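Notes to accompany the following structure.
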Amino acid sequence: MVATPIQQKYEIKDIGLAPIGKQRIEWAGREMPVLRQIKERYSIEKPFAGIRISACCHVTTETANLAIALKAGGADAVLIASNPLSTQDDVAACLVADYGIPVYAIKGEDNETYHRHVQIALDHKPNIIIDDGCDVVATLVKERQYQLSDIIGTTEETTTGIVRLQAMLRDGVLTFPAMNVNDAETKHFFDNRYGTGQSTLDGVIRATNILLAGKTLVVAGYGWCGKGVAMRARGLGANVIVTEINAVRAIEAAMDGFRVMPMGEAAKEGDIFVTVTGNKHVIRGEHFDVMKDGAIVCNSGHFDIEIDLEALRAKASEVKTVRNFTEQYNLSTGKAIVVIGEGRLVNLAAAEGHPSAVMDMSFANQALGAEYLVKNKGQLAPGIYSIPYEVDQEIARIKLKAMGISLDSLTEDQLTYINSWTSGT
Ligand code: NAD
Ligand code: SAH
1 MVATPIQQKY
11 EIKDIGLAPI
21 GKQRIEWAGR
31 EMPVLRQIKE
41 RYSIEKPFAG
51 IRISACCHVT
61 TETANLAIAL
71 KAGGADAVLI
81 ASNPLSTQDD
91 VAACLVADYG
101 IPVYAIKGED
111 NETYHRHVQI
121 ALDHKPNIII
131 DDGCDVVATL
141 VKERQYQLSD
151 IIGTTEETTT
161 GIVRLQAMLR
171 DGVLTFPAMN
181 VNDAETKHFF
191 DNRYGTGQST
201 LDGVIRATNI
211 LLAGKTLVVA
221 GYGWCGKGVA
231 MRARGLGANV
241 IVTEINAVRA
251 IEAAMDGFRV
261 MPMGEAAKEG
271 DIFVTVTGNK
281 HVIRGEHFDV
291 MKDGAIVCNS
301 GHFDIEIDLE
311 ALRAKASEVK
321 TVRNFTEQYN
331 LSTGKAIVVI
341 GEGRLVNLAA
351 AEGHPSAVMD
361 MSFANQALGA
371 EYLVKNKGQL
381 APGIYSIPYE
391 VDQEIARIKL
401 KAMGISLDSL
411 TEDQLTYINS
421 WTSGT
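Structure below.
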């Protein structure tokens, strides 16, 4: 194990990459008008003056724009990666070199380093945690109860993180407020659906350069992410099959025009498989056994557990890298299965994650959620809080304006009508 001297202010691949990172962060910023407006206000109002923030997010050009906004608001912020394979090393370098934000993240770091960085985020003694998947909060609660008095609250980015916070609440161990960023409409409607839809296929295509038209693509899970992946894959000409465990979602998929069947059957038909369930071992040994030779498997859901890679490894006589982030498992049966991005989020491992235009709204929710916690310090009981409706609407209004789209507004007469029960039909 490599000891990290506590005085070391960052752990990144190469500080020399900063100029490339700067250019790319600024490019992303062009598509982030909501966050830009928030940053401008923060630089005047300084809502985070004296506040220590530990952020655990994918270290991308979009996260960089969030970190810069928090710093403009006076935060003493550190950033760690929320996935061992998602870091953009040039972005990490720029944040350290040009903005003085300590970053602990290297693309391809091993699991031990990833968890050591979680500890470093906690060494920062955060008042606010910005989490993506709940790893920092879970470690705080499991291992560092003595730091709870420093905590004002946490904000959580993703579906699986919310599922974990709900489990903590049920077990009575969530002793501070948590802002549910994922469930804001301006987050999951766009990020989970259109973001995952586009960036997942971007990852598959960059990794394999495969033609999707005419291929059979199996999407496991028809939640917000699954809907996006299925919709965009169809747009590229793939025949899409959906697998589900939830009856309502399965009807939705069927009525959206997709074939729905259990993975045991879909496994025989698919050329490409994408898991987006947040669940464990959705593709496992029995499925690999019946897949076609050359089937491509990847995950865009949670961490690296949706595909049972251990089972696949046990069947393989050889594993070889065939392209960047792409490994071919040659099975003893003579068949090959291709895995992208080690079963980790394909959109962030093999591509750049969601485009900035959707992350603009997700991270506006993060920034405003964190600000809400600070403003209401000491007044919120432990629990999971929605982003206030007015905040969600305001983010949508700014975004719409930046997109050059105008809304209708209610007439006095309409307002009276929709608020009345006496006017009849
Ligand atoms: P969701 O809850 O809306 O959808 C998940 C769906 O998977 C549900 O419909 C559920 O019934 C289904 N499911 C669960 N177990 C299954 C199984 N064994 N087989 C088939 N279906 C199963 O969640 P979501 O918002 O779509 O998020 C899905 C996952 O993606 C989460 O882990 C989330 O954190 C992650 N996520 C990833 C990205 C990304 O950038 N790649 C973006 C947003 C969310
Ligand atoms: N840390 C876990 C949790 C899932 S990450 C893991 O790595 O498996 C899923 C989250 O990544 C989404 O909620 C989305 O908001 C975020 N994300 C997607 N593209 C991103 C980008 N370009 N920059 C930062 N975060 C991004």
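Residue 354 in our numbering is what sits at position 354 of the sequence shown, and the numbering runs on without skipping anything.
Each residue gets a CB set at the ideal place from its N, CA and C atoms; glycine is no exception.
Values in this document were obtained by computation on a predicted structure and should not be read as measured data.
- request: With a floor of 3 residues, list each beta strand (DSSP E) that falls wholly inside the stretch 105 to 170, ordered by position along the chain.
  value: 128 to 131 and 153 to 156
message: Would you say the beta carbon of residue 359 is closer than 7 Å to some non-hydrogen atom of the ligand SAH?
response: Taking the first residue of the sequence shown as position 1, residue 359 is located at position 359. Yes, the ligand SAH has a heavy atom inside 7 Å of this Cβ.
message: Using DSSP's beta-bridge definition, name the partner residues of residue 320.
response: Locating residue 320 in the sequence shown gives position 320, counting from the first residue. DSSP, once it has assigned bridges, lists 328 as partnering residue 320.
message: Assuming contact is defined by CB atoms lying nearer than 8 Å, are residue 160 and residue 179 in contact in what I supplied?
response: Indexing the sequence shown from 1 puts residue 160 at position 160. Indexing the sequence shown from 1 puts residue 179 at position 179. Cβ distance not < 8 Å, so residue 160 and residue 179 don't count as in contact.
- prompt: Sorted by chain position, which residues of the same chain lie with C-beta nearer than 7 Å to residue 232's C-beta, five sequence neighbours on each side aside?
  reply: Looking up residue 232 in the sequence shown gives position 232. Only 197, 198 and 201 meet the Cβ criterion.
message: Just to confirm before moving on: does the CB-CB distance between residue 330 and residue 342 stay below 8 Å?
response: Here residue 330 corresponds to residue number 330 of the sequence shown, with the count starting at 1. Here residue 342 corresponds to residue number 342 of the sequence shown, with the count starting at 1. No. Outside cutoff.
query: So residue 34 packs on residue 360, CB below 8 Å; how close in whole Å?
result: Here residue 34 corresponds to residue number 34 of the sequence shown, with the count starting at 1. Here residue 360 corresponds to residue number 360 of the sequence shown, with the count starting at 1. Sure, about 5 Å apart at Cβ, within 8 Å.
task: Spatial neighbours of residue 12 within its chain, please: CB distance less than 8 Å, with the 5 preceding and 5 following residues excluded, ordered by chain position.
output: The residue labelled residue 12 in the question sits at position 12 within the sequence shown. Once the five neighbours on either side are set aside, the close Cβ partners of residue 12 are 89, 92, 93, 96, 103, 104, 105 and 106.
- prompt: Any heavy atom of the ligand NAD closer than 7 Å to the Cβ of residue 188?
  reply: Residue numbering aside, residue 188 sits at position 188 when the sequence shown is read from its first letter. At least one heavy atom of the ligand NAD is nearer than 7 Å to the Cβ of residue 188, so yes.
Residue 181, DSSP secondary structure in three states: Locating residue 181 in the sequence shown gives position 181, where the first residue counts as 1. Note: residue 181 maps to coil in three-state DSSP.
- request: Check whether the Cβ atoms of residue 239 and residue 275 sit closer than 8 Å, and answer yes or no.
  value: Here residue 239 is taken as the residue at index 239 of the sequence shown, counted from 1. Here residue 275 is taken as the residue at index 275 of the sequence shown, counted from 1. Going by C-beta atoms, residue 239 is not nearer than 8 Å to residue 275.
query: Which residues in the same chain as residue 4 place their Cβ atom closer than 6 Å to its Cβ, once the five residues preceding and following it in sequence are excluded?
result: Start at 1 with the first residue of the sequence shown, and residue 4 comes out as number 4. Bear in mind that a pLDDT of 49 at residue 4, under 50, signals an unreliable position, so the number given afterwards is only what the model happens to contain. Excluding positions up to five away in sequence, the list is empty.
- prompt: By Cβ distance below 6 Å, which residues in the same chain neighbour residue 109 in space, the five residues on each side in sequence not counted?
  reply: As a first step, residue 109 is located in the sequence shown; it is residue number 109 there, counting from the start. The answer, listed in chain order, is 84.
field: beta-carbon residue 449 near the ligand SAH non-hydrogen atom, thresh 7 Å
entry: Residue 449 lies beyond the residue range present for the chain, which begins at 1 and ends at 425; the question has no answer from this structure.
field: Three-way DSSP call (helix, strand, coil) for residue 383 in this model
entry: Translated into the one-based positions of the sequence shown, residue 383 becomes position 383. Residue 383 falls in the strand class under three-state DSSP.
- request: Determine, using beta carbons only, whether residue 384 and residue 186 come nearer to each other than 8 Å.
  value: As a working note, residue 384 is residue 384 in the sequence shown. As a working note, residue 186 is residue 186 in the sequence shown. In this structure, residue 186 does not lie closer than 8 Å to residue 384 by Cβ.
query: Hey, out of 263, 44, 323 and 220, whose CA is closest to residue 278's CA?
result: Within the sequence shown, residue 278 is the residue found at index 278, counting from 1. Residue 220 is the option with its Cα nearest to residue 278.
task: Count the CB pairs spanning the stretch 212 to 230 and the stretch 369 to 384 that are closer than 8 Å, and state whether there are at least three.
output: no
query: Using CA coordinates, which residue listed in 150, 280, 242 and 387 is at the minimum distance from residue 124?
result: If you number the sequence shown from 1, residue 124 lands on position 124. If we check each option's Cα against that of residue 124, 150 comes out closest.
- prompt: How would you label residue 30, buried or exposed, when you count the other beta carbons within 10 angstroms and need 16 or more for buried?
  reply: In the sequence shown, the residue the question calls residue 30 occupies position 30. That one is exposed.
- prompt: Could you check where the beta strand (DSSP E) with residue 54 kicks off and where it finishes?
  reply: By one-based count along the sequence shown, residue 54 stands at place 54. Residue 54 -> beta strand (DSSP E) spans 52 to 57.
query: What does DSSP give as the partner residues of residue 79 in its beta bridges?
result: The sequence position of residue 79 within the sequence shown is 79, counting from 1. The partner list for residue 79 (beta bridge, DSSP) reads 55 and 103.
query: According to DSSP, is residue 289 helix, strand or coil?
result: Position 289 of the sequence shown, counted from the first residue, corresponds to residue 289. If DSSP states are grouped into helix, strand and coil, residue 289 belongs with the helices.
- request: With DSSP collapsed to three states, give me the class of residue 190.
  value: Here residue 190 refers to the residue found at position 190 of the sequence shown. Residue 190 falls in the helix class under three-state DSSP.
message: I need the DSSP call for residue 61, collapsed to helix, strand or coil.
response: For the purposes of this step, residue 61 is identified with residue 61 of the sequence shown, where counting begins at 1. Helix.
message: Using only CA atoms, which one of 261, 229, 272 and 312 lies nearest to residue 286?
response: On the sequence shown, residue 286 is found 286 positions in, with the first residue counted as 1. Comparing Cα positions, the closest option is 312.
message: So the candidates are 289, 135 and 368; which of them puts its Cα closest to the Cα of residue 308?
response: For this step, residue 308 is matched to residue 308 along the sequence shown. Taking only the C-alpha atoms, the option nearest residue 308 is 289.
- prompt: Below 8 Å, can you find three or more Cβ-Cβ pairs linking the stretch 47 to 65 to the stretch 129 to 142?
  reply: yes
task: State yes or no: is the C-beta of residue 266 within less than 8 Å of the C-beta of residue 204?
output: By one-based count along the sequence shown, residue 266 stands at place 266. By one-based count along the sequence shown, residue 204 stands at place 204. In this structure, residue 204 does not lie closer than 8 Å to residue 266 by Cβ.
message: Rounded to the nearest angstrom, what separates residue 158 and residue 148 at their Cα positions?
response: Along the sequence shown, one-based indexing puts residue 158 at 158. Along the sequence shown, one-based indexing puts residue 148 at 148. Between residue 158 and residue 148, the C-alpha separation is close to 22 Å.
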